[in-house]
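In UniProt numbering, the protein residues as written are 1 to 471.
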């Protein structure tokens, strides 16, 4: 793609600090060896892990399968990331001009081809006012507040913290591949300088050149995945494409949405723009998925954990009232099944049934309101309130355990993806060679491959032999 981030191979080697490796965060890199649902979970896991690596707290990334209100309003997203397949021939909108409102938006040009996912996240996150960015990103936001998008892109590409967070999600082979690309580009640039210094070459007889490897792989290199962010900021909705010159205004927010914290208004505004994008990159029947829509939302584990912690405190308050109302004993007045499972209902695989850590800033005020409500409750309603509390705790526990399982699976996938298997494979093949087993194994593999490629010979049946004899 041509745009602010377009660079020659020589320019890519001059970025300060090192390379950004390719990470498996796009549908194309994952679809080859995963099912559709597993691929979606992997994409979400990579982005959520990247958020945490960048120091962002309380957020996660989830995939949106529909942009209608019933599918998005309950998520209350802080921002969206649209991932789609593009080609090098697509042109950027260089006619977009910077205005006073666009200058208020934190927007960085993408100066590294393989850092698209990280740039999209940063462009969205650094425009969200009520987000805990962590110390590193807050410092980056403050330092780059008054500079141009190109210089912000250079600051991102030169940041050791961001580069380490990005590369921690890449496979070791991809990191080595990125280093080889930089080394090759540097050598080619040096050769070009030497060749230019020597002057024009002498004429040679014309020959028919054979197609180069780059031409043969042209179709493969032309298609790549790109990420665009959408976020409400400064009274408007913005499209943040790192390959564009500046942030592009989608539309203005109404007065209530722009002054308040609700995001429902901005989702109604961005929905037509998303429909146009989806229609433009819709997959054909025989093609794979050509786009993903991701949403940056509040972390579900935090809200589910706070819900369970609230039920723990509610249970204690109700039981204190029950002891005062029924000094002779209250256990016979509640549901026997719930009474038996009460202790297990409030404990998870990570925390016991006792009170634990809470995350929401308004947790104390909500607990106070619930305590006042329980104090004003009639004694005859207390047993039913206790039953309802335990049932709600069971539902909250299920939600917490689901998030724990999801986080465990994400961490397992991260370890599998980033583990360097090459030393083991090298040592394994070396041992097979030393034991004299490698050649025999390769021979058996070649035989099986030849057998699979040979067309099956159809054995004539008894009826076909009789028909042939009659003729």
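All C-beta atoms, glycine included, are put in the ideal place defined by N, C-alpha and C.
Measuring straight from C-alpha to C-alpha, what distance separates residue 102 and residue 196? 42 angstroms
Have a look at residue 123 and residue 78 and give me their C-alpha separation to the nearest angstrom. 12 angstroms
Taking residue 132 and residue 58 to be in contact with their CB atoms under 8 angstroms, please state how far apart those CB atoms are, rounded to whole angstroms. 5 angstroms
How big is the Cα-Cα spacing for residue 150 and residue 156? 10 angstroms
Unbroken alpha helix (DSSP H) runs of length 4 or more, entirely within the stretch 281 to 368: which are they? 300 to 325, 336 to 340 and 342 to 345
Cβ-Cβ separation, residue 137 to residue 126 (assumed contact under 8 angstroms), whole Å: Contact between residue 126 and residue 137 is confirmed by a C-beta separation of about 7 angstroms, below the 8 angstroms threshold.
Contact set for residue 383: own chain, Cβ-Cβ below 8 angstroms, skip 5 residues either direction: 322, 330, 333 and 334
With a threshold of 16 other CB atoms inside 10 Å of the CB of residue 167, please say whether the residue is buried or exposed. Buried, by the Cβ-count rule.
Select from 48, 51, 66 and 61 the residue whose C-alpha is nearest the C-alpha of residue 278. 66
Three Cβ pairs or more, each shorter than 8 angstroms: is that satisfied between the stretch 354 to 372 and the stretch 418 to 428? no
Minimum C-alpha distance to residue 405 - residue among 60, 317 and 301: 301
Alpha-carbon spacing of residue 74 relative to residue 309, whole angstroms: 22 angstroms
Can you tell which of 304, 117 and 314 has the C-alpha that lies nearest to the C-alpha of residue 242? 117
Beta-bridge pairing of residue 232 - partner residues as DSSP gives them: 237
Please report the straight-line C-alpha distance between residue 29 and residue 170, rounded to a whole angstrom. Residue confidence is low: residue 29 scores 45 on pLDDT, short of 50, so the model does not pin down where it sits. No coordinate-derived value is stated.
Taking a contact to mean a Cβ-Cβ separation below 8 angstroms, would you say residue 71 touches residue 81 in this structure? no
Going by DSSP in three states, residue 128 sits in which element: helix, strand or coil? If DSSP states are grouped into helix, strand and coil, residue 128 belongs with coil.
Would you identify the three-state DSSP class for residue 64, choosing helix, strand or coil? coil
Continuous alpha helix (DSSP H) stretch holding residue 391: start and end: 382 to 418
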